Amino acid sequence: MKMNNQKSTMKQSFFIVTVFLLLIGCSSQQELASNTVQSAALLDYSVLQGQYENGVHDDPYIGLWRDLKANKTHFQKKVATVDTYVDLKMIDGETLQVQLCSEGQELDQMVLKGKADKFYFHINARANFIPIPFFLWSGENRTAIGNDMDGNLILLQGQYDWYYIFFLIESDDYEFIDATYPKYETDSIGTKILKPKTDLRF
Numbered sequence: 721m722k723m724n725n726q727k728s729t730m731k732q733s734f735f736i737v738t739v740f741l742l743l744i745g746c747s748s749q750q751e752l753a754s755n756t757v758q759s760a761a762l763l764d765y766s767v768l769q770g771q772y773e774n775g776v777h778d779d780p781y782i783g784l785w786r787d788l789k790a791n792k793t794h795f796q797k798k799v800a801t802v803d804t805y806v807d808l809k810m811i812d813g814e815t816l817q818v819q820l821c822s823e824g825q826e827l828d829q830m831v832l833k834g835k836a837d838k839f840y841f842h843i844n845a846r847a848n849f850i851p852i853p854f855f856l857w858s859g860e861n862r863t864a865i866g867n868d869m870d871g872n873l874i875l876l877q878g879q880y881d882w883y884y885i886f887f888l889i890e891s892d893d894y895e896f897i898d899a900t901y902p903k904y905e906t907d908s909i910g911t912k913i914l915k916p917k918t919d920l921r922f
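Per this note's numbering, the very first residue in the sequence shown carries number 721; after that it's consecutive.
Laid out in structure tokens, this is it:
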């Protein structure tokens, strides 16, 4: 009888924690848009699609490709952003094709699933969950992309880590990225030019 009570208590605890994680996930998606300092235009897939600069000026290995790849895996190979760009293409309303390119040649590609709201395409979260007796760990990566009023790409990303010890809940780590990546345009002779933008990455 005592063993059955313990199993029942463990099941109830696991259910409570699972529901709590789902609620946190919903709230964290809303936090992305509320934390940004930028103003997003209404989401338009025809504007979202296109080619964007990959790199940021202060680090040759941090860029748009790396930010988007974080939704697929935590472990990434270092990829230099110099002379590379990222091509975004909407396959349908829930599927985004991402290509890493250099001088017109594809270097790598991936497909990301997600859902759109009024201003952003929210990429499905990458979540990890490790249950151990008396200890639970959950890590999550959430990303949303949209466009500013000039057509440049806004990327919002939140990385969350939660630790649960016994029945105490402690949120241990949170990182938020607010970045802008300039969009390429093509002039009458086919030359790529960058749209003007304010370089932001927090």
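From the three backbone atoms N, C-alpha and C, an ideal C-beta is built for every residue, glycine too. All values reported here derive from a predicted model rather than from experimental measurement.
(1) With 16 other CB atoms within 10 Å as the buried threshold, where does ILE811 fall?
(2) Which residues does DSSP pair with ILE913 in a beta bridge?
(3) In terms of residues, what are the limits of the beta strand (DSSP E) holding SER822?
(4) Applying the criterion that 16 or more other CB atoms from any shown protein chain within 10 Å of the CB defines a buried residue, is THR906 buried or exposed?
(5) Run the CB neighbour count on VAL831, radius 10 Å, all protein chains shown included, and call it buried at 16 or more, exposed below.
(6) Quick one, are the C-beta atoms of PHE683 and LEU816 less than 8 Å apart?
(7) In the DSSP assignment, find the beta strand (DSSP E) that holds ASP803 and state where it starts and stops.
(8) Distance check for TYR805 and THR793, CA to CA, integer angstroms please.
(9) Count the other CB atoms within 10 Å of the CB of LYS789; is the residue buried (16 or more) or exposed (fewer)?
(10) Name the residue from ASN791, ILE874, ARG846 whose alpha carbon lies nearest to the alpha carbon of ALA760.
(11) Answer yes or no: do TYR901 and LEU768 have a C-beta to C-beta separation smaller than 8 Å?
(12) Ordered along the chain, which non-local residues of its own chain (more than five positions away) have a Cβ less than 6 Å from that of LYS903?
(13) Relative to the C-alpha of ASN844, which candidate in GLN877, LYS838, ASP868, VAL776 has its C-alpha closest?
(14) Output needed for LYS835: all residues of its chain with C-beta closer than 7 Å, excluding positions within five of it in sequence on either side, in chain order.
(15) Any idea if ASP779 is buried or exposed, counting beta-carbon neighbours within 10 angstroms, 16 or more meaning buried?
For this structure:
(1) Within the sequence shown, the letter at position 91 stands for residue 811. Classification of ILE811: exposed, given that the 10 Å Cβ count is below 16.
(2) Within the sequence shown, the letter at position 193 stands for residue 913. DSSP output for ILE913 lists GLU905 as bridge partner(s).
(3) Position 102 of the sequence shown, counted from the first residue, corresponds to residue 822. Segment 815 to 822, the beta strand (DSSP E) holding SER822.
(4) For the purposes of this step, residue 906 is taken as residue 186 along the sequence shown, with counting starting at 1. Flag for THR906 reads exposed.
(5) Numbered from its first residue, the sequence shown carries residue 831 at position 111. So VAL831 counts as exposed.
(6) Examination of residue 683 is not possible in this model, given that the chain is present from 721 through 922 alone.
(7) Here the question's residue 803 lines up with position 83 in the sequence shown. Premise fails: ASP803 is in no beta strand (DSSP E) and is neither H nor E.
(8) Working through the sequence shown from its first residue, we reach residue 793 at position 73. Working through the sequence shown from its first residue, we reach residue 805 at position 85. Approximately 20 Å between the Cα atoms of the pair.
(9) The sequence position of residue 789 within the sequence shown is 69, counting from 1. Buried, since its Cβ has 16 or more Cβ neighbours within 10 Å.
(10) Your numbering for residue 760 matches position 40 in the sequence shown. With distances taken between CA atoms, ALA760 lies nearest to ILE874 out of ASN791, ILE874, ARG846.
(11) Your numbering for residue 901 matches position 181 in the sequence shown. Your numbering for residue 768 matches position 48 in the sequence shown. No, Cβ-Cβ distance for TYR901 and LEU768 is not below 8 Å.
(12) For this step, residue 903 is matched to residue 183 along the sequence shown. Taken in chain order, the residues that qualify are GLY770, TYR772, GLY871, ASN872, LYS915.
(13) The residue labelled residue 844 in the question sits at position 124 within the sequence shown. If we check each option's Cα against that of ASN844, GLN877 comes out closest.
(14) Counting from one through the sequence shown, the residue named residue 835 turns up at place 115. So the qualifying residues of the chain are GLU814, HIS842.
(15) The residue given as residue 779 occupies position 59 in the sequence shown. ASP779 should be labelled exposed.
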